[in-house]
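For the sequence shown, numbering that gives the first Met the number 0 gives the first residue as 0, with consecutive numbering after it.
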Amino acid sequence: MGAGLRGHIPRAFRKHPIPIAIDTHQRPFYGDRGATPGVVGGQFKNGTAWFWTYATPVSLVPGRRHTRARTAVRPKDTPDAIVARLLAQIGWARVRIRYVLLDRAFYSASVVRALTQRNVRFVIPMVRRGHAVERFFARGTRGWFEHTIRCRRSRDGSAPVRVAVVPGRSWHRPLVFACSPGFERLPQVILDYRTRFGIETSYRQLGECLARTTCADPVYRLLLVGVSLLIRAWWIAARGVTLGEIRWNLILILTPVPIDTHQPETQTQPLPRPPTTA
């Protein structure tokens, strides 16, 4: 599966660094969670608070939003472990990363350290938590600041970051981002981060290709997610072809033709053409 996704990576992605967006995707679960391994709790939506959760990185190149990897989120997974697994798969594909844009769910000292140790630049929305960050969210604040993310759990330690504060549409709510060194212009930070929202399109297309199943095996369900991402990669490579056409062609290829073994083989003759009247 990984080789299939790797085969559709343009060669330019291996020569020039590209921006990457990392996010999680949830598929609702309805059933006995006690007897189903791999189900993760989350915010209540779609009638449930339990989900099959997957994390994927997507390249943010216009017209080439390829999914680089995928991993299942397990109940005891930490954000830094998820990021480490995805970065390892991206490295195996020999894709060079320019910077990574992450969701606020990945805002933690452990994630910042994991990215810093790999020399990967990043932008993460800051979570408004604690008295130390209140000054960044004050009305009229703008510019670059230094800050240290401290975790509530002592074992996670702390991590220094640069804070970019950009005025939003309403002066009452500035946009605050935790960044790594390497970003210099404030407007460019918000413009770069806005490109991350294209990852939601890949999740909608994943849902269109994802096979329906009642199987509770997390490995099998991850395989189906990989197949749907591979179909999407084929669709991106085949320009001018709709996603529905690719799905229908795969159905015709993978559906076995029934063979009646009880009847002897007979050579079919073409039906005679009806007579024509003068």
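The beta carbon of each residue, even a glycine, is placed where N, CA and C say it ideally should be.
Going along the chain, which residues of its own chain have a beta-carbon closer than 6 Å to the beta-carbon of residue i, five neighbours each way excluded?
i    : result
V57  : A20, R64, T66, I198 and S201
S227 : L205, C208 and L209
S179 : R120 and F121
Q187 : none
R32  : V38 and W49
Q88  : A68
Look at the alpha carbon of residue i and the alpha carbon of residue j, and state the distance between them as a whole number of angstroms.
i    : j    : result
S109 : A158 : 8 Å
P127 : G156 : Per the sequence presented here, residue 127 reads as Arg, with Pro not at that position. Approximately 19 Å, taken between the alpha carbons.
V224 : R151 : 34 Å
A34  : P78  : 25 Å
Y106 : R149 : 11 Å
V60  : R141 : 29 Å
F28  : G46  : 9 Å
Q25  : R203 : 11 Å
H130 : F136 : 11 Å
R231 : L221 : 15 Å
R95  : L185 : 24 Å
F176 : R93  : 28 Å
A163 : L229 : 37 Å
K44  : G62  : 31 Å
E145 : R134 : 12 Å
Please state the DSSP three-state secondary structure of residue i.
i    : result
G41  : strand
G142 : strand
T66  : strand
T200 : helix
R73  : coil
F105 : helix
D22  : strand
L4   : Note that L4 scores 49 on pLDDT, short of 50, meaning its location in the model is unreliable and no value can be drawn from it.
Y29  : coil
L100 : strand
S58  : strand
P16  : coil
T260 : The pLDDT assigned to T260 is 49, lower than 50, so where the model puts this residue is not dependable, and the model offers no usable value.
A87  : helix
V94  : coil
L308 : Not covered by the structure: residue 308. The range shown for the chain is 0 to 277.
S157 : strand
P166 : coil
R120 : coil
Report all residues from its chain with a CB closer than 7 Å to the CB of residue i; omit the five preceding and five following residues, and keep chain order.
i    : result
I189 : V165 and L174
P217 : P36, G37 and A71
I81  : A54, T70 and V72
A113 : D79, V82 and A83
G181 : R120
P16  : R95, I96 and R97
G167 : P173 and L174
Using a Cβ-Cβ cut-off of 8 Å (strictly less than) and excluding sequence neighbours within five positions of residue i, which residues of its own chain qualify?
i    : result
A48  : G40, G41 and Q42
Y219 : T212
E30  : Correcting the residue type first, residue 30 is Gly in the shown sequence and not Glu. Around G30: A215.
Report the residue from the options whose alpha carbon sits nearest the alpha carbon of residue i.
i    : options                  : result
M125 : R103, A232 and R149      : R103
W143 : E183, Q187, Y219 and P16 : E183
Q116 : L86, R134 and V94        : L86
G90  : G139, L185, A68 and S107 : A68
K75  : T52, L100 and F28        : T52
P18  : Q25, F136 and R193       : R193
V111 : D22, V160 and Y219       : V160
D191 : D31, G62 and L101        : L101
T23  : G62, R195 and T147       : R195
T147 : K44, R138 and V132       : V132
**Report entry** Sufficient close CB pairs (3 or more, under 8 Å) joining the region 207-224 to the region 119-127
**Finding:** no
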